[in-house]
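Chains as they are written, first to last, in the working numbering: chain R, 1 to 147; chain U, 1 to 341; chain Z, 1 to 375. Positions of the beta carbon are idealized from the N, C-alpha and C atoms, including for glycine. This report concerns only the one structure given below.
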Amino acid sequence: MVIKNLMKAVKNIYFGPPVTRMCPEVPTKLADRFRGLQKLDKSKCIGCGICANTCPNNAIKIVKARVSPGSDKKRWFPSIDIGHCLFCGLCIDQCPKDALSNTKVYLTGIIRWQHEDLLFTPDMLAREVDINAEEEAGEEVSRWTPQ
Amino acid sequence: MELPEILFNPLVRGILGLCLMGAIFLGAMAAVWFERKLSADIQQRYGPMRVGPHGVFQLVADAIKLFTKEDIIPKNADRLLFVAAPILLMGSVFLMLVAIPFGAVVINGDTYPIAATEMDISILYIEAMSSISIVGIFMVAYSANNKYSLLGAFRNFARMIGYEVPLGICVVSVAIMAGSLNIVQIAEAQSPLWFVVLQPLGFIVFVIALLADMGRLPFDQNESEEELIAGWITEYTGMRFGLGFFAEYIHLILGSMLIVLLFLGGWNLPEFLTSNLILGIILPTAFFLGKVVLVMLGIIALRWAVPRFRIDQVVDLSWKRLLPLSLLNLGWVIALGLLGV
Amino acid sequence: MLEEKVGPSEMIVHIGPQHPMLPGPFRLNARLRGETVVDSEVEMGWIHKGIEKILENKTYLQGITIVDRICYLAALSNEEAYVGCVEKLAGIEVPERSQYIRVIVEELSRLQSHLLGMGEYASFVGFVSMFMYTIKEREDVLSLLDSITGARITHSFLRFGGVKDDIPPGFRDDVKRVFPNVRKAIDSYEDMYSTDSIYRARTVGVGVLTADVAKDLGVSGPPLRATGVPFDIRKDEPYLVYEDLDFKVCTETAGDVYARIQVRLDEMRESMYIIEQCLDQMPEGPLFAEDTPYGKRSPVMRIPAGEVYHRVEDPRGEMGFYMVSDGSDKPYRVKIRGPVYPTLQTLPPLLKGVKVADIVAIAGSMDTCTSEVDR
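Shown next, in the form of C-alpha cells:
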C-alpha cells in the first residue's frame, strides 16, 4: 500500500548512503578502455594519413611539425580538432604503426576557454607541450584541483 | 499576569509584528531547505552542499536571485488580478498566522500560550482564513491568460470544494470533544490523553483532508509538472513567484502546527517536568516544535514516496469516501460524549 | 486541421515541443472539453538530423559511428542492424565467439534502456523517487558496458565480421557482483508497482490497446506483446546465436499501461538470464574469421552491388535497415525503419475520452525515443 512505499522512503534516509559523487572534487572511476584524448608517438608516425581519411568528422589534418624538441627537421604529423572529434577511436584502431594510443584524459586536459585553442597541434598530442592534465600511477588522468 | 503598558503602543506592536513576519519567512526558508535535504536523502544523493556548510544558505542565494529577475507581465493578462493575486495568497497565510500559538511558557503552574491573539472562535477563524487561498490561486491562474494555468485553476476548485467539508466536520468533532472552539483550550484539554487515541478515524481523515487543502502530493494536481508545465504559477517570474512559493511553505508549517495542536497534544507535558522555572520556560515550546518537525518530516517524505492522483479520482475520494468517514467520526464523538468521556 | 472543428465549450491545447516532461520533442495538439480529450493529433520533426543523407556520404566504416546516434539509448541494436546489412551484402561470416559477444552487449543495452524507460515512466506519474532508484541501478550496467566497449552511450563497438575487442579479464566477476543487485532491485520495483494502490488506480485499465489496432498500425515490441501477440524477432527470424539460447517471449493480455510496464520488467529478467547463458556457453576462438580482408583494420571496403533488408529486435520494437549498394565504398541509399513511429500513431485513437493527466502517462508508457522517429 501507500504506507509500504513511505516506509521504504523513510528507511532510505538513514540506511541509504548517497551514491552520487561530489563532482568535480571526487574523480570518476573510468574503465581501462575508456576513450579519451589521443596520444601521439612521434617516433612511430610515418605521416601516411590513414587516420585523417578514417575520421568520420574530418577532424584530423596532417600538418608539418618538428620531429623532436630542439630539432630542425620537420615531418608530417596529425593535428586533431578536439571541438569536432567524436572520441570514437577509429583513428587509433586504423593506425598501421600504432603511433596513436588511448589515454583517459577527458576533463582538464581538453577544456579550453577559447575556440581556437581546441585545435591540438602534434606537439600537444605528443605531450611535448603541457596540456594541463595530471599523471597518476604512471598514467595520465584528468583531475580538477580546487583553485 | 498583566501585560506591561508598553505593549499597547502601536509602534512597538508594529515592530513586533514585523519581527514575527521575518521569523516566519526564516522558518519558511528553513522548511524549504529541510525539504530539499530530505528529498535528497530519500533518493540517495546529496542535495545542496556548496553555499554554506551543507547548503544552509542556499535559500538566501535563491531569494537574491528571485529579487533580481526581470518582472514580466504577459501582454493580454489582466493586470490588476495578476498583480494583486500574490498579495491575497500571502494575506491569507498571515491572517492564519495571527491566531495560531507557537508554544507555551509555564510559570508557576500557569500556562501562557505564545500567540498573537487569543480569540474564542479561533479554530473556525483559522479554517476560514485558509480557504481564502482558493480565491488567490484562482486569481493567479485566471489572470495569466494561459491555457495551462486555466486547467490548473479548474482542478484547484474541484479539489478544494471537495475537501473543505470533511475538514470542517473533523474540526467540529474535535471541538465537541474539547468543549470549546478556542484553540488554546483544545490544546490544553489533551492533558492526560491525546485526541489521536480517542478519535483515530478523525485523525486520518483530517490529515488526508489537510494534505489536499495544502496542495501537497498526492494531491498537487494544480501544479503538476507533467501535464501543465508549472500549473497555476506558469506565468510568474521573480519575486511574485517567490511570494507564491513561500506562501505554500508557510501553509505547510502552519498546517503541521494545526495537526499537532488538534490531535497530537500541543505542548502538554507531565507536571514534574515543568515545575522547574527554566525548564518550564523552554521545554513545552521545544516539545511542541519537535513534534511539528516530525509531522513535517512525514508530510515531506510522503510527497517523494507516492505517485499522484488523477483529478477525477481525487474528487471521488473526497465525496464518496472521506465525507461518510468524517460523519461516522462525528457520530462516534457524540457517542463518546454521551457516555461521559 | 484540428482548429476547424472546435465546438462550443472546447479549447485546443498544444502540449508542445518544449515541455519539461514529454518523452522527446514532439507536439501533441489536443482538443479538450474541460478535462476530457476529444481529439488529438501528433506532429513530429523537431529533431530531424538528416542521418539517412549523411550516411550516403560516409564510408561503411565511418557509418558505424553515425548509426550509433539514431537512438542513443539503444545504440547497439542500431549498429547491429547496419552491420548485419553489410555482412549480408558482402557475404562476410562472423565467428561464434564474436556472435556471443554481440549478444551479450546487445542484451546489456536492452537492460539499461528498459531501466531508464521504466524510471522515466514513473516520473511521469508523479513518482520522482522511483526514477532515481532505477538510475542508480543503471549506473552499474553502464559501467559494465563501459568496461567492454570503452564508452557509456555511443559505443561504436561492432565491426564488419566481428567486434572491436574481446571481453576484458575481470568481466565475469563484475557480472556476478552486479546482477544479484539488479535482480533484487527489479523484484522490489515489481513489488512497489503491484501493491501501490495510487499507482494501480492510475495505470490499470488506462490506454487499452487491442491486438487488432496494434497489428493494423504496425506496432511491434513491448506494446504489441502486452496485447497478447507473441511476436519477437529473436524467435521468429533468429539472427546471431539466438537459436541456441533458451529464453521465453514475455506477453500479457490486458494491453493497458500496467501490462506494458510488466512486460518490460519481465524482459529485463530474461535479458539477464540470456547474458548468463552466453557467458557459460561462449567458445574460445578468434574474433574475426581467418581469411577475411575485413578485419579490425580496413579503411576502404567496396561492397558488391545489391539490396538487402535486415531487422533486429530493438528494445522498442522492430528496427530495420534497407540498404542499396552500387559497388562503391559508400552506400547508395540507406532507409531506416524505426520502431517508434507506429507507436506514436497509436496515440490519437487511444487518447479519445481520457483526462489530461492520462495523456502523458499513456505517451510515456509507449517508451518513445523521439530521436528515432525523426532521424
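May I ask you to verify whether the segment 245-259 of chain Z touches the segment 77-88 of chain Z, counting CB pairs closer than 8 Å and requiring at least 3?
no
Between the segment 29-47 of chain R and the segment 119-127 of chain R, do three or more beta carbon pairs fall short of 8 Å?
Contact between the segment 29-47 of chain R and the segment 119-127 of chain R is present, because at least three Cβ pairs lie under 8 Å.
If you measure between the beta carbons of G266/U and F241/U, is that distance less than 8 Å?
no
Which residues in the same chain have their Cβ closer than 8 Å to the Cβ of R216/U, if we skip the five residues on either side of it in sequence?
L252, I299, L302, R303
Unbroken beta strand (DSSP E) run spanning F94/U, endpoints:
Unbroken run through F94/U is the alpha helix (DSSP H), 79-99; no beta strand (DSSP E).
Check Q147/R in the structure and name its three-state DSSP category.
In this predicted model, Q147/R has a pLDDT of only 44, less than 50, meaning its place in the structure is not dependable enough to derive any value.
Does C85/R get closer than 8 Å to chain Z when you measure Cβ to Cβ?
no
Assign Q190/U to one of three DSSP states: helix, strand, or coil.
coil
Roughly how many angstroms lie between the CA atoms of V306/U and F127/Z, to the nearest whole one?
6 Å
From W46/Z to D244/Z, what does the alpha carbon distance come to, in whole angstroms?
42 Å
With distances taken Cα to Cα, identify the nearest neighbour of D291/Z among T210/Z, P95/Z, F131/Z.
P95/Z
Neighbourhood of S123/Z by C-beta distance below 8 Å, restricted to the same chain and skipping five residues each side
M21, M130, F131
Roughly how many angstroms separate the alpha carbons of D329/Z and L209/Z, rounded to a whole number?
45 Å
Does any residue of chain U have a CB that is nearer than 8 Å to the CB of I167/Z?
no
If you check the beta carbons only, do N12/R and M192/Z fall under 8 Å apart?
no
May I ask you to report which of helix, strand or coil DSSP gives A122/Z?
helix
Put Y239/Z into one of helix, strand or coil per three-state DSSP.
coil
Kindly give me the distance between the Cβ atoms of A99/U and T117/U, rounded to whole angstroms, as I take these residues to be in contact under 8 Å.
Going by Cβ atoms, the distance from A99/U to T117/U rounds to 6 Å, so yes, they are a contact pair.
Tell me whether Q185/U counts as near the ligand FAD, meaning its Cβ is closer than 7 Å to at least one heavy atom of that ligand.
The model on display carries no ligand, and the ligand FAD is accordingly not part of it.
How would you list, in chain order, the residues of chain U whose beta-carbon sits under 8 Å from the beta-carbon of I198/Z?
P218, V306, P307, R308, F309
Anything in the segment 96-129 of chain Z with a Cβ closer than 9 Å to a Cβ of chain U? List those residues in chain order, please.
A122, S123, F124, V125, G126, F127, V128, S129
Within 10 angstroms of its Cβ, does H310/Z collect 16 or more other Cβ (buried), or is it exposed?
buried
May I have the straight-line CA-CA distance separating K291/U from A75/Z, to the nearest angstrom?
For K291/U and A75/Z, the distance between alpha carbons rounds to 52 Å.
Quick one: residues in its chain with C-beta nearer than 8 Å to the C-beta of G138/R, no 5 flanking neighbours on either side, listed in chain order?
Residue confidence is low: G138/R scores 44 on pLDDT, short of 50, so the model does not pin down where it sits. Its coordinate-derived value is still stated next. Within the same chain, G138/R has no close Cβ partners at all.
Could you pull the start and end residues of the beta strand (DSSP E) that P113/U belongs to?
110-113
Of all the residues that make up the segment 132-152 of chain Z, which are near chain R by a beta-carbon distance shorter than 8 Å?
K136, E139, S143, D146, S147, I148, T149, G150, A151
Return helix, strand or coil for A137/R, following the three-state DSSP convention.
Low local confidence applies: a pLDDT of 45 at A137/R is under 50, so the model's placement there is unreliable, with the coordinate-based value given in what follows. In the structure shown, A137/R falls within a coil segment according to DSSP collapsed to helix, strand and coil.
Residue ranges of each alpha helix (DSSP H) within the segment 140-193 of chain Z, 4 or longer
none
Taking three-plus beta-carbon pairs below 8 Å as touching, is the segment 142-149 of chain U in contact with the segment 88-103 of chain U?
no
Within its chain, find whatever has a CB closer than 7 Å to the CB of T145/R; leave out the 5 residues flanking it on each side and keep chain order.
Only weak support exists for where T145/R lies, its pLDDT of 49 falling under 50; the coordinates are left without a value.
Does the segment 162-169 of chain U touch the segment 320-327 of chain U, meaning 3 or more C-beta pairs lie closer than 8 Å?
yes
Where D358/Z meets chain U, residues with beta-carbon distance less than 8 Å:
R310
Going by C-alpha to C-alpha distance, which of F87/R, I60/R, E25/R sits closest to G150/Z?
F87/R
Please go through the same chain and pick out, in chain order, the residues whose beta-carbon is closer than 7 Å to the beta-carbon of Q147/R, but skip the five residues on each side of it.
Note that Q147/R has pLDDT 44, beneath the 50 cutoff, so the model's placement of it is unreliable and no number is given.
Along the chain, which unbroken stretches of the alpha helix (DSSP H) at least 4 residues long are found entirely within the segment 36-122 of chain Z?
51-55, 60-67, 75-90
With DSSP as the reference, label R27/Z as helix, strand or coil.
strand
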